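Be aware that the sequence shown starts at 1, since it is given in full-length UniProt numbering, and climbs by one per residue.
Glycine included, C-beta positions come from ideal geometry on N, C-alpha and C.
Source: prediction; values computed, not measured.
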Amino acid sequence: MKQLNVVICGFDHYDGVSVNPSYEVPKALADQGLGDIGALGDVNVAIHTVGLPVSFANAWPLLLESIEAVHADIIIATGLKHAARGVMLERCATNLMDAAKPDIDNMTPTREPIDPDGPAAYWTRLPLRSIMRDFARDGIPATLSSDAGTFVCNSLFYNLLNWTSGQERVLSGFVSFPQVSETGVVGVGRRGLPLERQIDAGRDVVRETIGYYLKPSSSDILID
């Protein structure tokens, strides 16, 4: 039986957010599991979670420590987009820090590269096409996002993909969740999703990424 180690990270706290899906979704997946994954083949999946501070300096080192501790095969980072109406799959991480507000360490980098010697951007390593197909099947509002902004989420995403580019066989990417709204009503002008729907979305992301890891296919990839 093949063993796969999956690390799912989120952020510990956002100011003014009482229920943070970036914290709750990874925790729920670790506690509840992925459900029936028999269709994926003879595989055992261990899910590891880590909560990160909203910190340019410390988020990535803490994630890297967790990745190396469990020899992760798949890493899925998550964050929160306050204005999102549904789940957003991030396609690209850019080599830029440009903060309009300070992080938890009171750092406010302005138009600074994350890595002065790094490329301008990296593309995600997640099978976006197959994930979006699952979202459509499950009725989860979702869209592709061009980038994860220029705050800590993007910085973490870029560092993660930069590290992944040097690994022989690791998949990684970033998913932005909307605010938690328990009304269950989705429509024009409405933002957020119930937490259970966001957990379902996280489960779809992990399952499809595992499937792609085991049987890579170019048809699963969608970046444009």
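- A residue is called buried once 16 or more other Cβ atoms fall within 10 Å of its Cβ, and Asp73 is buried on that count.
- Out of Val175, Leu214, Thr110, the CA that lies nearest to the CA of Ile199 is found in Val175.
- For Gln3, the enclosing beta strand (DSSP E) covers residues 2-11.
- Looking only at Pro102, Glu90, Leu161, Asn44, the smallest Cα-Cα distance to Trp60 is reached by Leu161.
- According to the DSSP assignment, Thr49 belongs to the beta strand (DSSP E) that extends over 43-52.
- For Tyr122, the uninterrupted beta strand (DSSP E) segment begins and ends at 121-123.
- Note on geometry: alpha-carbon atoms of Thr124 and Arg137 lie some 22 Å from one another.
- Looking at the DSSP output, Leu144 shares a beta bridge with Leu89.
- For Met107, the three-state secondary structure derived from DSSP is coil.
- The C-alpha of Thr150 lies about 6 Å from the C-alpha of Ala99.
- In terms of Cβ geometry, Gly10 and Gly35 do not form a close pair [threshold 8 Å].
- Looking at the DSSP output, Gly33 sits in no beta bridge, so it has no partner there.
- Fewer than three Cβ pairs drawn from the segment 81-99 and the segment 63-73 lie within less than 8 Å of each other, which leaves the two stretches out of contact.
- For the pair Leu63 and Leu156, the CB atoms are nearer than the 8 Å cut-off.
- Excluding five sequence positions before and after Tyr122, the CB atoms of its chain that fall closer than 6 Å to its own CB belong to Ala93, Leu161, given in chain order.
- For Phe56, the secondary structure class from DSSP, reduced to helix, strand or coil, is coil.
- When only Cα atoms are considered, Gly139 and Gly202 end up about 13 Å apart.
- If you compare the alpha carbons of Leu195, Asn44, Gln167 with that of Pro178, the shortest gap goes to Leu195.
- Per DSSP, Gly79 is not a residue of any alpha helix (DSSP H); the beta strand (DSSP E) it occupies stretches across 74-80.
- For Val175, no alpha helix (DSSP H) encloses it; the enclosing beta strand (DSSP E) starts and ends at 171-177.
- 8 Å or more divides the Cβ of Ile76 from the Cβ of Val170.
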